[in-house]
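In what follows, a structure is listed as structure tokens, so that the remarks can point back to it.
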């Protein structure tokens, strides 16, 4: 695969991802946070096996399976549960935006790892993104630490999972290319993620909620969420091994606003001016981080 094709796949993945948080949230409201996520990833795994087939695990580098698999599954579980555990749809959208710290973190990790050179724009970019998150958490009441802490304290589990997930995904994006040696383990990684979620469902006391919508509607939501996840991540994983990482990080700067817009429409939730201001700051921060790495 050429670098151009790999990059185009990455751009397609960004578009698909923009709809994923709202679809995950909708189905989680129907089936429960853990059970809903487990069902989505299980169906997505089946789709990926049907589309890509199953490659024997011995054909992948061992370090890629162990390290890459742990990072991938850890991120997916963290994000899915962060969305499912959100107290309402507005909070779910906030959690989804917090996840979009990963482009800045990815560039920062690439610079720290010596894989990318950067200019002085990197630090302002990181600060802008963090400022955007802080502004959203403040609820537009000014950058008061008390307001930020009080808002985050409403649901520290969801916000903590989203922030931790952003760091895990940034690390995975940086590590996948050197660890994979040109292979693509997205199928076993999805199977691992679904297995982890089912184990949590079995051991964590979670229950499968009675569907709050018709069976046909629930099935449609499940299929839509699984398809978006499967196609998006299959494309992104291929892009990580063949595409232009710096360009993909640049394109990702539009994802926070795009995802928030899709979520507001799909979840039928009105977002405040302070939210959009924060989303714009996160986007500007990501763009600054990309600009800092331009040659």
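Numbering (the working numbering), first residue to last: -4 to 290. Note that beta-carbon positions come from the ideal geometry of N, C-alpha and C, so glycine has one too.
Host alpha helix (DSSP H) of residue i (start-end)
i           : result
residue 194 : 181 to 198
residue 233 : 210 to 237
residue -2  : -2 to 12
residue 272 : 268 to 287
residue 243 : 240 to 246
residue 253 : 250 to 261
Spatial neighbours of residue i in its chain, beta-carbon cut-off 8 Å, leaving aside the 5 residues before and after
i           : result
residue 86  : 149, 150 and 153
residue 189 : 33, 36, 37, 39 and 40
residue 249 : 9 and 278
residue 64  : 180, 183, 184 and 187
residue 60  : 52, 180 and 183
residue 125 : 96 and 280
Inter-residue spacing [alpha-carbon to alpha-carbon] between residue i and residue j
i           : j           : result
residue 173 : residue 56  : 10 Å
residue 196 : residue 33  : 8 Å
residue 230 : residue 237 : 11 Å
residue 185 : residue 222 : 13 Å
residue -2  : residue 239 : 6 Å
residue 170 : residue 99  : 15 Å
residue 214 : residue 224 : 15 Å
residue 107 : residue 164 : 16 Å
residue 66  : residue 264 : 32 Å
residue -4  : residue 133 : 45 Å
residue 81  : residue 72  : 14 Å
residue 121 : residue 22  : 33 Å
residue 162 : residue 211 : 37 Å
residue 199 : residue 26  : 16 Å
residue 291 : residue 89  : Residue 291 lies beyond the stretch modelled for the chain, which goes from -4 to 290, so this question has no answer here.
residue 116 : residue 194 : 44 Å
residue 1   : residue 92  : 25 Å
residue 50  : residue 191 : 20 Å
residue 4   : residue 175 : 18 Å
residue 226 : residue 118 : 34 Å
residue 31  : residue 47  : 24 Å
residue 54  : residue 44  : 16 Å
residue 252 : residue 270 : 10 Å
residue 141 : residue 58  : 43 Å
residue 218 : residue 68  : 20 Å
residue 24  : residue 114 : 44 Å
residue 11  : residue 145 : 33 Å
7 Å Cβ shell around residue i - same chain, five flanking residues per side excluded
i           : result
residue 177 : 236
residue 123 : 276, 279, 280 and 283
residue 247 : 9, 98 and 281
residue 234 : 1, 2, 4, 5, 8 and 243
residue 167 : 63, 66, 67 and 70
8 Å contact criterion, which residue i and residue j should meet: CB distance rounded
i           : j           : result
residue 74  : residue 157 : 7 Å
residue 78  : residue 19  : 5 Å
residue 256 : residue 288 : At roughly 27 Å, the Cβ-Cβ gap does not stay under 8 Å, so residue 256 and residue 288 are not in contact.
residue 228 : residue 160 : The pair is not a contact, with the Cβ atoms about 14 Å apart (cut-off 8 Å).
residue 262 : residue 13  : Incorrect: roughly 13 Å between the Cβ atoms, too far for contact.
residue 76  : residue 15  : The pair is not a contact, with the Cβ atoms about 14 Å apart (cut-off 8 Å).
residue 101 : residue 244 : 6 Å
residue 254 : residue 95  : 7 Å
Beta-carbon proximity list for residue i, same chain, < 6 Å, skipping 5 on both sides
i           : result
residue 260 : none
residue 232 : 179 and 181
residue 273 : 127, 130 and 131
residue 147 : 132 and 154
residue 220 : 18, 19, 22 and 35
residue 286 : 116
residue 216 : 21 and 22
So within the region 14 to 82, which uninterrupted alpha helix (DSSP H) runs reach at least 4 residues, ignoring any that extend past its ends?
15 to 26, 28 to 47 and 64 to 80
If you scan the region 89 to 169 from start to end, which runs of the alpha helix (DSSP H) of 4 or more residues do you find wholly inside it?
97 to 107, 117 to 132 and 140 to 147
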